[in-house]
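Working notes, beginning with the structure itself.
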Ligand code: AHR
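Numbering (the numbering used here), first residue to last: 1 to 661.
Right under this line is the structure:
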């Protein structure tokens, strides 16, 4: 009986303690580490139809007739259509010849299906362009149509324009069509209208005229805007595994993605067949969204460009055979690619690559500062391959900061082996990847607290909370990302960059989820994880402020009631980020210390990110069902003018904003 009573008493005390408010002591008067402008960024990879069919606004699939299995993949040809291969663009030699169908009641032409259809909006204009010639002379009239093939109406087309091809030489022709109706899955139809004529067509293209920043070879406006609104400090591109390729021949070669788009050769996309359960046999990279476009986008959204190049290792997940990789003594062309890239980005316009940049419309240097060599490489072969790059880059470009890799795992043998190797080689930053479950995120609040401060800095280059059995976007995963990110922020002296991954996914074309931004052909939505990234960026601050409970940071550790916190200084504002991962409400006393005698703290506002739809996210149908809300920060300062109580509901991410006066 006595023991039972004692047990009850102990339990009651424990419960009582758990409910007791903790005091977060914020050293508001003492700036700690500066937060790098690059801290929160974005990572682009052409996975999930992120480039062609996604961010890249081209609406025609297989525009150059180069898909290797079938030059007419994505097209439906009718009448007399012949594929030929002596076209005007050496690296994309195929084109089609349209000839007289041979009967007055037959037609010659082509339909293009686009990427999961062609998305058109009523009243918006689209630029159709084509390289063409009339090989036999004379002229040929083409009718260009937007078609709804499933229409039960009088006619299938809803918009029509004409082009007359009148030269024996290859020339660019174009016409702007204004869509008469909205159709997410239209077809582009080209009729050879004039009888008795013959016409050659190459690089058939259709872009909205209203692209991001109005660029001709442009990006989808809503998707680029979703990147700009993240205010990213760094922009990593072009991947990911596509940097490595399933084999070296199909690795991402930046040199194939610059210069005139018509002559950028097609490349296989490894995500075409990486997952047989999400299989896309028509997934290729046109290269239309290439390194020039990535650099321009970086500049336009204010992010430091961070290109990643192949280190001569093909994807190690897919290649056990050592002969799949480049022997170390044959790496020179790969090293030259890296040196040439720096020249392309930063070189003067009288260097060959700098001249190409100028020719493409950007004479001013892009100001490249960072370069990654290798993606998610591992084993002794990685440092062996990296070393000659480091030597060559240091000798020619000591100003460039080199990013190395710690492999595909957040811990373990490879990770433990690679970090010291990166230190030995003098990498400036080490890229860490972690797609991990709930428990991992909940347990990693203090991950960087004891990292060696002397070595390279951390680039958390790919991460997302992946729950087993629930590998999709939902609020709870984003909440745990927010909790984890307090640890990135508190350790801004060593963590210099962090990018969630992957960035984009087409709802009909994804291979990997969760992802940050989803879309179909006409609309898009920003996930809860996007909002977390956005909030961290918007409330990044300039300096870390020490914030501790009984001398220890709030990292969700035992006894800390599922709370995570960080604090930063931004001018004279203090942002306190608190994440409650518990199912119960919590209270927290904020105590601002280290201030000058006359200094006061004034509560300004609170940004609250929470929902009762824990395992849901935004969607195309409800794009804003889970969004942060900004309002006044309720409560009063205590008599000292430095203590403030906040209460945080269950499963909630709050940013409390104060003014230092
Ligand atoms: O983001 C998807 C993939 O995850 C990346 O391509 C690769 O780097 C990682 O394995």
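Even for Gly, the Cβ is constructed at its ideal location relative to N, Cα and C.
Any non-hydrogen atom of ligand 1 within 8 Å of residue i CB
| i | result |
| --- | --- |
| residue 240 | yes |
| residue 501 | yes |
| residue 112 | no |
| residue 268 | no |
| residue 273 | no |
| residue 473 | no |
| residue 45 | yes |
| residue 433 | yes |
| residue 409 | no |
| residue 387 | no |
| residue 375 | yes |
| residue 512 | yes |
| residue 462 | yes |
Cβ pair residue i, residue j closer than 9 Å
| i | j | result |
| --- | --- | --- |
| residue 284 | residue 293 | no |
| residue 429 | residue 447 | no |
| residue 503 | residue 517 | yes |
| residue 378 | residue 334 | no |
| residue 537 | residue 307 | no |
| residue 236 | residue 242 | no |
| residue 331 | residue 389 | yes |
| residue 76 | residue 114 | no |
| residue 437 | residue 466 | yes |
| residue 383 | residue 425 | yes |
| residue 506 | residue 207 | no |
| residue 160 | residue 174 | no |
| residue 57 | residue 211 | yes |
Backbone CA spacing between residue i and residue j [nearest angstrom]
| i | j | result |
| --- | --- | --- |
| residue 343 | residue 132 | 35 Å |
| residue 103 | residue 109 | 14 Å |
| residue 651 | residue 66 | 50 Å |
| residue 226 | residue 596 | 41 Å |
| residue 268 | residue 80 | 29 Å |
| residue 172 | residue 130 | 6 Å |
| residue 245 | residue 637 | 58 Å |
| residue 222 | residue 41 | 18 Å |
| residue 52 | residue 270 | 14 Å |
| residue 14 | residue 562 | Residue confidence for residue 14 is low, a pLDDT of 41 falling below 50, so the modelled location carries little weight; the figure read from the coordinates is stated next. So the alpha carbons of these two residues sit roughly 15 Å apart. |
| residue 17 | residue 643 | With a pLDDT of only 41 at residue 17, under 50, the local geometry of the prediction cannot be trusted, and the value read off the model is given with reservation. Answer to the nearest angstrom: the Cα atoms are 21 Å apart. |
| residue 549 | residue 22 | 7 Å |
| residue 740 | residue 403 | Because the chain here runs from 1 to 661, residue 740 falls outside it and cannot be looked at. |
| residue 304 | residue 141 | 47 Å |
| residue 266 | residue 69 | 12 Å |
| residue 12 | residue 479 | Low per-residue confidence applies at residue 12: pLDDT is 41, beneath 50, and the placement is therefore not dependable enough to give any value. |
| residue 6 | residue 20 | For residue 6, the predicted model reports a pLDDT of 43, less than 50, meaning its position is unreliable; a value from the coordinates is still stated below. Cα to Cα, residue 6 sits roughly 21 Å from residue 20. |
| residue 180 | residue 522 | 15 Å |
| residue 375 | residue 661 | 47 Å |
| residue 138 | residue 164 | 10 Å |
| residue 490 | residue 544 | 6 Å |
| residue 530 | residue 230 | 8 Å |
| residue 603 | residue 33 | 24 Å |
| residue 526 | residue 623 | 7 Å |
Residue range of the beta strand (DSSP E) that includes residue i
| i | result |
| --- | --- |
| residue 460 | 457-465 |
| residue 42 | 40-43 |
| residue 230 | Segment: none, residue 230 is in no beta strand (DSSP E) and carries neither H nor E. |
| residue 505 | 504-506 |
| residue 525 | 524-526 |
Boundaries of the alpha helix (DSSP H) in which residue i is found, first to last residue
| i | result |
| --- | --- |
| residue 683 | Nothing about residue 683 can be reported from this structure: the residues present for the chain run from 1 to 661 only. |
| residue 495 | Per DSSP, residue 495 belongs to no alpha helix (DSSP H); it is in the beta strand (DSSP E), 495-500. |
| residue 417 | 413-425 |
| residue 295 | 291-301 |
| residue 141 | Here residue 141 belongs to no alpha helix (DSSP H); instead the beta strand (DSSP E) covers 140-147. |
| residue 352 | 352-359 |
| residue 475 | 475-490 |
| residue 366 | Where residue 366 is concerned, there is no enclosing alpha helix (DSSP H), given that its DSSP letter is neither H nor E. |
| residue 338 | 332-346 |
| residue 76 | Residue 76 -> not in any alpha helix (DSSP H); beta strand (DSSP E) instead, spanning 75-78. |
Cross-strand partners of residue i (DSSP beta bridge)
| i | result |
| --- | --- |
| residue 630 | 607 |
| residue 652 | 580 and 610 |
| residue 152 | DSSP lists no partner for residue 152. |
| residue 274 | In DSSP, residue 274 forms no bridge with anything. |
| residue 124 | Per DSSP, none; premise fails for residue 124. |
| residue 592 | 26 |
| residue 205 | 129 |
| residue 70 | None, per the DSSP bridge assignment. |
| residue 431 | 405 and 459 |
Interface flag, residue i vs chain D, CB-CB below 9 Å
| i | result |
| --- | --- |
| residue 651 | Absent here is chain D; the protein component of the structure consists of one chain. |
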